[in-house]
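Following: one structure in C-alpha cells, then a few remarks.
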Amino acid sequence: MSGGAATTKPTGLAEPAAGDLSVTGRRSARLRLRAAWMYYVEGMTQSAIADALDIGRVTVVRLLADARQLNEVKISLSREIAELPRLEMGLQKAFGLREAVVAPLSGPLADPTSAIGAATGQVISDLIRPDMKIGFGWGRTLMRALGFIDEKAVSNLQVISLLGGITKARQYNPSEFAWQLSRIFQADCHLIAAPAIVDSIETKKALIERCGLGTVYNLAREMDAVVLSVGEMETESTSLRFGFFSQADWASLIAAGAVGDVVYNFIDIDGRPVDHPVNSRVMSIPIETLQATPERILTSGGPGKTAAVLGALRMLRPTVFITDEVTAAAVLKAVGAED
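In this note's numbering, each number is its position in the sequence shown, counted from 1, plus 3.
Below is the structure:
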C-alpha cells in the first residue's frame with residue numbers, strides 16, 4: 004500500500020488459503036478492520052466488500068464475526084489496529100499536531116465523508132465534558148458525525164455556533180449542526196442570529212454592538228474547544244452548490260487567491276485571509292478567536308480539498324486533525340513530507 008491509500012487488493016494482504024481462514028497477526032487485523040469499516044461505516048454489502056478486497060464472501064463473514072467477538076465494533080471502530088500510524092505521525096510532525104486521526108477508506112475513489120464523520124463523532128464523544136464551552140462550524144462532514152456521537156446529558160455544557168445562518172436552506176444550514184448537537188447533550192446552544200453574510204461591515208458592527216450578538220462573540224472568547232471543517236473552491240463546494248454565493252463572487256474570491264474557507268473566512272494556501280470584501284461581511288466568530296482557543300479540532304478531507312486543507316492547517320494550527328488516508332497522503336506530498 005502506497006501512502007496509506009486503499010487499493011483493490013492492498014499490497015501485503017493475501018487471501019488465506021482454503022481451510023485456513025484463521026490467519027492471525029497484523030495482516031489479518033488490517034484486513035478485518037477494513038472489512039468492518041466498509042460494512043458498518045460505509046454501508047457496503049458483504050459481496051461488495053469481497054469484490055473490493057478480492058477475497059471470498061465467506062472470509063468477509065468470518066472477518067466481521069471476529070471483529071464483533073474482539074469488541075472492535077461499537078459505534079465506531081477501534082483505529083489502534085489500523086495500519087495508518089505512518090500517515091498520522093507524518094501529519095503530527097509536519098504540522099505540530101498533538102494528534103492526527105486518519106480514517107481508512109475502501110478505495111482511493113471512495114467518498115470519505117462518512118469515514119471522516121465517524122472518526123469525528125468518536126473524537127467529539129471523547130472530548131465533551133461538563134462545564135465546557137465548545138464552538139462548532141458546519142458542513143457535510145460534521146453533519147455525518149452526528150450519527151456517531153454518544154448521546155448523553157452533560158451538565159453545564161455551552162454549545163456555540165460559529166457562523167450565522169442562511170435565509171434559504173436546502174439541505175444544510177450553518178447553525179443546524181450546533182443546534183442538533185446541543186440536543187444530543189441536552190446543552191444550551193448559542194446561535195449567531197443573523198445571516199452568514201451581510202451587506203456591509205457597518206451592518207455587521209451594528210448587529211454585534213446594538214442587536215445583542217455581542218454576547219455570543221464575548222462568550223466565544225471563553226471557549227475551551229472548537230470543531231471546524233474547511234470548504235474548498237471547487238464546483239462541488241457545498242457553499243457554491245447551495246447558492247450561498249454568486250458565481251461572480253466565487254470567481255473573484257478565486258482570483259484573490261482563495262483556496263478554501265473556514266466558517267466563511269476565505270484563506271489562501273498559506274492560511275492568510277484573502278483581500279476580499281466577503282471576509283469583512285461574514286457573520287462568524289473571528290479567526291483570531293478561533294486561533295486562541297486551547298483545543299482546536301479540524302476535520303475535513305476528500306477530492307479537491309488538498310489546498311483548502313493545507314491552508315486551514317496553516318491558519319488554524321489545530322491540536323487535532325481528522326481526515327482520510329487519501330487526503331492525508333496528498334497533504335503530506337504537497338509539503339514534501341511523504342516519508
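Positions of the beta carbon are idealized from the N, C-alpha and C atoms, including for glycine.
Below 7 Å CB to CB, which residues in the same chain sit around Ala68 once its five sequence neighbours on both sides are set aside?
-> Working through the sequence shown from its first residue, we reach residue 68 at position 65. Contacts found: none.
Host beta strand (DSSP E) of Gly59 (start-end) = Counting from 1 along the sequence shown, the entry for residue 59 is found at position 56. Careful: Gly59 lies outside any beta strand (DSSP E) and carries neither H nor E.
Grouping DSSP H, G and I as helix and E and B as strand, with all else coil, what is Arg317?
-> Position 314 of the sequence shown, counted from the first residue, corresponds to residue 317. It is helical.
Out of curiosity, what's the CA-to-CA distance linking Val323 and Thr116?
-> Reading the sequence shown from its first residue, position 320 is the one you call residue 323. Reading the sequence shown from its first residue, position 113 is the one you call residue 116. Those two C-alpha atoms are separated by around 17 Å.
Do Thr123 and Thr302 have their CB atoms nearer than 9 Å?
-> Here residue 123 refers to the residue found at position 120 of the sequence shown. Here residue 302 refers to the residue found at position 299 of the sequence shown. Yes, Cβ-Cβ distance for Thr123 and Thr302 is below 9 Å.
Report all residues from its chain with a CB closer than 6 Å to the CB of Gly15; omit the five preceding and five following residues, and keep chain order.
-> As a position in the sequence shown, residue 15 is number 12, starting the count at 1. With a pLDDT of 33 at Gly15, under the threshold of 50, the predicted position of this residue should be treated as unreliable, though the coordinate-derived value follows. Hits under 6 Å: none found.
Are the region 103 to 113 and the region 249 to 264 touching, with three or more C-beta to C-beta distances below 8 Å?
-> no
Cβ of Val230 versus every heavy atom of the ligand SAH: is any distance shorter than 8 Å?
-> With respect to the ligand SAH, the structure shown offers nothing to examine, as it has no ligands at all.
Pick from Gln294, Phe98, Ala190 and Arg89 that is closest to Lys136, judged by C-alpha positions | Translated into positions along the sequence shown, residue 136 becomes position 133. Checked all of Gln294, Phe98, Ala190 and Arg89; the closest Cα to Lys136 is Ala190.
Check whether the Cβ atoms of Ala38 and Val61 lie closer than 9 Å to each other.
-> To locate residue 38, count along the sequence shown from 1; it is residue 35. To locate residue 61, count along the sequence shown from 1; it is residue 58. Going by C-beta atoms, Ala38 is not nearer than 9 Å to Val61.
What number of angstroms, rounded off, separates the C-alpha of Gln183 from the C-alpha of Leu149?
-> Locating residue 183 in the sequence shown gives position 180, counting from the first residue. Locating residue 149 in the sequence shown gives position 146, counting from the first residue. Their Cα atoms are separated by approximately 8 Å.
Cα separation between Ile300 and Pro88?
-> Taking the first residue of the sequence shown as 1, we reach residue 300 at position 297. Taking the first residue of the sequence shown as 1, we reach residue 88 at position 85. C-alpha separation (whole angstroms): 19 Å.
For Ser164, count neighbouring C-beta atoms within 10 Å of its own C-beta (all shown protein chains included) and say buried if the count is 16 or more, exposed if not.
-> Taking the first residue of the sequence shown as 1, we reach residue 164 at position 161. The residue in question, Ser164, is buried, as its Cβ has 16 or more Cβ neighbours within 10 Å.
Mind reading off the beta-carbon distance from Val230 to Gly140? Whole number of angstroms is fine, and I expect it under 8 Å.
-> The residue given as residue 230 occupies position 227 in the sequence shown. The residue given as residue 140 occupies position 137 in the sequence shown. Correct: roughly 7 Å between the Cβ atoms.
With DSSP as the reference, label Thr206 as helix, strand or coil.
-> Working through the sequence shown from its first residue, we reach residue 206 at position 203. Helix.
Please classify Met92: is it buried, with 16 or more other beta-carbons within 10 angstroms of its beta-carbon, or exposed?
-> Residue numbering aside, residue 92 sits at position 89 when the sequence shown is read from its first letter. Met92 comes out exposed.
Would you give the residue range spanned by the beta strand (DSSP E) that Leu231 belongs to?
-> If you number the sequence shown from 1, residue 231 lands on position 228. Element bounds for Leu231: Ala228 to Leu231.
Look at the alpha carbon of Ser50 and the alpha carbon of Pro306, and state the distance between them as a whole number of angstroms.
-> Counting from 1 along the sequence shown, the entry for residue 50 is found at position 47. Counting from 1 along the sequence shown, the entry for residue 306 is found at position 303. Rounded to the nearest angstrom, the two C-alpha atoms are 26 Å apart.
Length of the line joining the Cα atoms of Ile187 and Ile119 | Locating residue 187 in the sequence shown gives position 184, counting from the first residue. Locating residue 119 in the sequence shown gives position 116, counting from the first residue. About 20 Å.
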